[in-house]
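Peer 1:
Number of protein chains: 2
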Amino acid sequence: MSEQKFCYKYPHPSVTADCVIFGFDGVSIKVLLIQRGIEPFKGKWAFPGGFMKMDETAEECAKRELDEETGLKNAAVEQFYTFSDVSRDPRERVITVAHYALVRLSEIKGGDDAASARWFAMDEVPGLAFDHDRILRMAVNRLKERICFEPIGFELLPEVFTMTELQNLYEAILEVKFDRRNFYNKMLKLGILSEAEPRPSGASRRTPTKYRFNAEKYTEMKQKGFRLEF
Amino acid sequence: MSEQKFCYKYPHPSVTADCVIFGFDGVSIKVLLIQRGIEPFKGKWAFPGGFMKMDETAEECAKRELDEETGLKNAAVEQFYTFSDVSRDPRERVITVAHYALVRLSEIKGGDDAASARWFAMDEVPGLAFDHDRILRMAVNRLKERICFEPIGFELLPEVFTMTELQNLYEAILEVKFDRRNFYNKMLKLGILSEAEPRPSGASRRTPTKYRFNAEKYTEMKQKGFRLEF
DNA sequence: GACAATTGCGTAAATATAACGCAATTTGTT
DNA sequence: AACAAATTGCGTTATATTTACGCAATTGTC
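This is the structure in structure tokens:
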């Protein structure tokens, strides 16, 4: 037995931070999972995450663990719920502060520490370790809510994208279909898109306009209070 | 020194659950605070809350502490954020799972254990203990968001209420003014209100219609996905 | 070359929102 | 008692917004 040198008058739970990382490949939404190498749930897939240190916040912990386990650095993680069921970890009492983040698939390269990290399409996600199935459901709901009010979707696309790509993303997340022309109009009217390149005058209808997310205008609009409704 | 009998290989933070309790007196939104009797922050006001036991979830802890400290039982608390700043408690590392709930003022009677519990109007709240000022700001934001999508406001009113009372509540929470007639139409069109009494045929214009929240219709509507927008 | 698919740009109809009128009554004032 | 101010119920109208499509110019496919 190893030393048990941190002692308290009352029992304390362990605290972890986990990360639900969403990506988008142009067709469907994906989540990043790692395969557990140790018990419990050895061999099962789970979200990147781990124990919080005493000198870091939950968010810092989530980012550190994410980097350590997948090589993904400085993701814009956001806390969404704390899971505290008494028996969610068979070893001991562990509560976890769950986070989520949206990343471009290109940002995470294989290799690295991330030998066991893999993207799964939402409908291919296997049964997960611990209560991570529940965590995933809640993360997906939060993502759906959030994308209607903030243009977080842009974090999932390449810097430059077409309107069709943007629509595909929204349709994938919200699991609905939009009329192409109405979607087009609505997004343009919001004013948070800029044309990426001046569109070659040689026109050609079929070559789609490339857009880029305009963060300045977004900040402007947000203060006035706007909604990205669908 | 007391015994330190719970020992771990790695340091563990303490975990608490706190409750931001909102009430409404017909004019303004209030929060329930308790005055601290011990250090740190002795004499300062803070949210009800306390240390989590090993056999209860964060939510159960929040409810138990709320009952113990204010006599308020079975409030429908809902978790909204976990605060984990490293130095938020001067004694030791403490992370807190913050909850909020809406209660009818009538539900909480003075006396009890709650000698030191008091309602404060939002603009009378003093500087709070720990990082509770920040917690309050976030709770208020969450309340504003939420009331636009779910009729949680009804939890703050008596069972039977007039349209004017309902409007006052919305205006107090959102800090805006609505046109009385438009508010009236919008709420009625939602279909989640029922007339409480068949309105005495003796009419009399000035006596307002009493309504009651219709939970059945609400559940119905929620599945179709609706929005209480303003 | 025929044909389906994609893109840009509109337009008309259906809905929803916002602004406000008005009469019946009750409350408050003097 | 007389009168002004406030409250409630029930409308209406003007203005936006949302939704449902039309259509032509390409481009890619077979």
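Chains A and B supply the protein sequences, listed in that same order.
Residues -9 to 220 in my numbering are what the first sequence spells out, letter by letter.
Residues -9 to 220 in my numbering are what the second sequence spells out, letter by letter.
Where a beta carbon is used, it is the ideal one built from N, C-alpha and C, also for glycine.
In this text, all values refer to a predicted model and were calculated from it rather than measured experimentally.
1) Would you verify that the beta carbon of Pro148 (chain B) is, or is not, closer than 8 Å to some beta carbon of chain A?
2) For the beta strand (DSSP E) containing Cys9 (chain B), name the first residue and the last one.
3) Answer with yes or no whether the minimum CB distance from His89 (chain A) to chain B is below 8 Å.
4) So if I threshold CB-CB distances at 8 Å, which residues from the stretch 54 to 84 of chain B count as touching chain A?
5) Hey, how far is the Cα of Ala162 (chain A) from the Cα of Arg202 (chain A)?
6) Where does Phe41 (chain B) sit, in a helix, a strand or coil, going by DSSP?
7) Considering only DSSP beta bridges, list what His89 (chain A) is partnered with.
8) Is the shortest distance between the beta-carbon of Lys(-1) (chain A) and the beta-carbons of chain B less than 8 Å?
9) CA-CA distance, Lys20 (chain B) and Thr154 (chain B)?
10) Below 7 Å CB to CB, which residues in the same chain sit around Ser4 (chain B) once its five sequence neighbours on both sides are set aside?
11) Here's the rule I'm using: 16 or more other beta-carbon atoms within 10 Å means buried, otherwise exposed. How should Phe139 (chain B) be labelled?
12) Which residues in chain A sit within 8 Å of His122 (chain B), going by Cβ to Cβ distance?
13) Tell me, please, which residues DSSP counts as bridged to Arg119 (chain B).
14) Taking 8 Å as the threshold (beta carbon to beta carbon), is Thr6 (chain A) in contact with chain B?
15) Please state whether DSSP places Glu145 (chain A) in a helix, a strand or coil.
16) If you pair each beta-carbon of the stretch 162 to 171 of chain A with each one of the stretch 7 to 20 of chain A, do three or more pairs fall below 8 Å?
17) Go ahead and label Gly101 (chain A) buried or exposed: buried means 16 or more other beta carbons lie within 10 angstroms of its beta carbon, across all protein chains shown.
18) Out of curiosity, what's the CA-to-CA distance linking Arg136 (chain A) and Lys(-5) (chain B)?
19) Does the structure place the stretch 36 to 51 of chain A close enough to the stretch 46 to 58 of chain B that three or more beta carbon pairs sit under 8 Å?
20) What does the alpha-carbon distance come out to for the pair Ala107 (chain A) and Lys34 (chain A)?
21) Note the first and the last residue of the continuous alpha helix (DSSP H) segment covering Phe173 (chain A).
22) If we ignore side chains and look at the alpha-carbon of each, how far apart do Leu23 (chain B) and Asp57 (chain B) end up?
23) Just to confirm before moving on: does the CB-CB distance between Asp8 (chain A) and Phe37 (chain A) stay below 8 Å?
24) Can you find a C-beta in chain B that's less than 8 Å from the C-beta of Pro3 (chain A)?
25) Would you please verify whether the beta carbon of Lys167 (chain B) is less than 8 Å from any beta carbon of chain A?
26) Mind checking if Met42 (chain A) is an interface residue toward chain B, Cβ cutoff 8 Å exclusive?
27) Indicate whether at least one CB of chain B lies closer than 8 Å to the CB of Ala107 (chain A).
28) Taking the CB atoms as reference points, tell me whether Phe110 (chain B) and Ala88 (chain B) lie closer together than 8 Å.
29) Name the chain A residues whose beta carbon is nearer than 7 Å to that of Thr47 (chain B)?
30) Which of helix, strand or coil does DSSP assign to Ala21 (chain B)?
31) Excluding the 5 residues preceding and the 5 following Pro116 (chain A) in the sequence, name in chain order all residues of the same chain whose CB lies nearer than 6 Å to its CB.
32) List, in chain order, every chain A residue whose beta-carbon is nearer than 8 Å to that of Phe(-4) (chain B).
Peer 2: Straight from the coordinates:
1) Position 158 of the second sequence, counting from 1, holds the residue named residue 148 (chain B). No, its Cβ sits nowhere closer than 8 Å to a Cβ of chain A.
2) Mapped onto the second sequence, residue 9 (chain B) falls at position 19. Ser4 to Phe14 is the span of the beta strand (DSSP E), which, as asked, contains Cys9 (chain B).
3) Counted from its first residue, the first sequence places residue 89 (chain A) at position 99. Taking Cβ atoms only, chain B never reaches closer than 8 Å to His89 (chain A), which makes this a no.
4) Against chain A - using a Cβ distance shorter than 8 Å - the residues of the stretch 54 to 84 of chain B are Gln69, Tyr71, Thr72, Ser74, Asp75, Val76 and Arg83.
5) Looking up residue 162 (chain A) in the first sequence gives position 172. Looking up residue 202 (chain A) in the first sequence gives position 212. Approximately 20 Å, taken between the alpha carbons.
6) Your numbering for residue 41 (chain B) matches position 51 in the second sequence. Phe41 (chain B) falls in the strand class under three-state DSSP.
7) Counting from one through the first sequence, the residue named residue 89 (chain A) turns up at place 99. Residue pairing from DSSP places His89 (chain A) in a beta bridge opposite A:Cys9 and A:Gln69.
8) As a first step, residue -1 (chain A) is located in the first sequence; it is residue number 9 there, counting from the start. Lys(-1) (chain A) counts as touching chain B.
9) Here residue 20 (chain B) is taken as the residue at index 30 of the second sequence, counted from 1. Here residue 154 (chain B) is taken as the residue at index 164 of the second sequence, counted from 1. Their backbone Cα atoms lie some 19 Å apart in a straight line.
10) Counting from 1 along the second sequence, the entry for residue 4 (chain B) is found at position 14. Contacts found: Phe41, Glu82, Arg83 and Val84.
11) Stepping through the second sequence from its first residue, residue 139 (chain B) is reached at position 149. Residue burial is scored here from C-beta neighbours: Phe139 (chain B) has fewer than 16 other C-beta atoms within 10 angstroms and is therefore classed as exposed.
12) For the purposes of this step, residue 122 (chain B) is identified with residue 132 of the second sequence, where counting begins at 1. Here the premise fails: no neighbours, minimum Cβ distance about 17 Å.
13) Here residue 119 (chain B) corresponds to residue number 129 of the second sequence, with the count starting at 1. The question names Arg, but residue 119 (chain B) in the sequence shown is Ala. By DSSP's assignment, Ala119 (chain B) forms no beta bridge with any residue.
14) To locate residue 6 (chain A), count along the first sequence from 1; it is residue 16. No, Thr6 (chain A) does not count as interfacial toward chain B.
15) Numbered from its first residue, the first sequence carries residue 145 (chain A) at position 155. Of the three classes helix, strand and coil, the one that applies to Glu145 (chain A) here is helix, per DSSP.
16) Three or more Cβ pairs drawn from the stretch 162 to 171 of chain A and the stretch 7 to 20 of chain A lie within less than 8 Å of each other, which places the two stretches in contact.
17) Counting from 1 along the first sequence, the entry for residue 101 (chain A) is found at position 111. Reliability of the predicted coordinates at Gly101 (chain A) is poor, the pLDDT of 49 falling under 50, and no value is obtained from them.
18) Sequence index remark: in the first sequence, residue 136 (chain A) carries index 146 (1-based). Sequence index remark: in the second sequence, residue -5 (chain B) carries index 5 (1-based). Their backbone Cα atoms lie some 45 Å apart in a straight line.
19) Taking 8 Å as the limit for Cβ pairs, the verdict is that the stretch 36 to 51 of chain A does not touch the stretch 46 to 58 of chain B.
20) Counting from one through the first sequence, the residue named residue 107 (chain A) turns up at place 117. Counting from one through the first sequence, the residue named residue 34 (chain A) turns up at place 44. Taking the Cα positions, Ala107 (chain A) is about 12 Å away from Lys34 (chain A).
21) In the first sequence, counting from the first residue as 1, residue 173 (chain A) sits at position 183. Counting along the chain, the unbroken alpha helix (DSSP H) around Phe173 (chain A) starts and ends at Arg170 to Leu180.
22) By 1-based counting over the second sequence, the position of residue 23 (chain B) is 33. By 1-based counting over the second sequence, the position of residue 57 (chain B) is 67. Looking at the two C-alpha atoms, the distance is approximately 13 Å.
23) In the first sequence, the residue the question calls residue 8 (chain A) occupies position 18. In the first sequence, the residue the question calls residue 37 (chain A) occupies position 47. Result yes, Cβ atoms of Asp8 (chain A) and Phe37 (chain A) sit closer than 8 Å.
24) Here residue 3 (chain A) corresponds to residue number 13 of the first sequence, with the count starting at 1. Answer yes: the Cβ-Cβ gap between Pro3 (chain A) and chain B drops below 8 Å somewhere.
25) On the second sequence, residue 167 (chain B) is found 177 positions in, with the first residue counted as 1. Taking Cβ atoms only, chain A never reaches closer than 8 Å to Lys167 (chain B), which makes this a no.
26) For this step, residue 42 (chain A) is matched to residue 52 along the first sequence. Output row for Met42 (chain A): interface = yes.
27) Sequence index remark: in the first sequence, residue 107 (chain A) carries index 117 (1-based). No - not a single Cβ of chain B is within 8 Å of the one on Ala107 (chain A).
28) Within the second sequence, the letter at position 120 stands for residue 110 (chain B). Within the second sequence, the letter at position 98 stands for residue 88 (chain B). Not a contact, by the Cβ cut-off of 8 Å.
29) By 1-based counting over the second sequence, the position of residue 47 (chain B) is 57. Result: Ser74, Asp75 and Val76.
30) The residue given as residue 21 (chain B) occupies position 31 in the second sequence. Reading the sequence as shown, one finds Val at residue 21 (chain B) and not Ala. Residue state, collapsed to three classes: strand.
31) On the first sequence, residue 116 (chain A) is found 126 positions in, with the first residue counted as 1. Contacts found: Trp35.
32) If you number the second sequence from 1, residue -4 (chain B) lands on position 6. Chain order gives the chain A residues near Phe(-4) (chain B) as Cys(-3), Tyr(-2), Lys(-1), Tyr0, Pro1 and His2, where near means a beta carbon separation below 8 Å.
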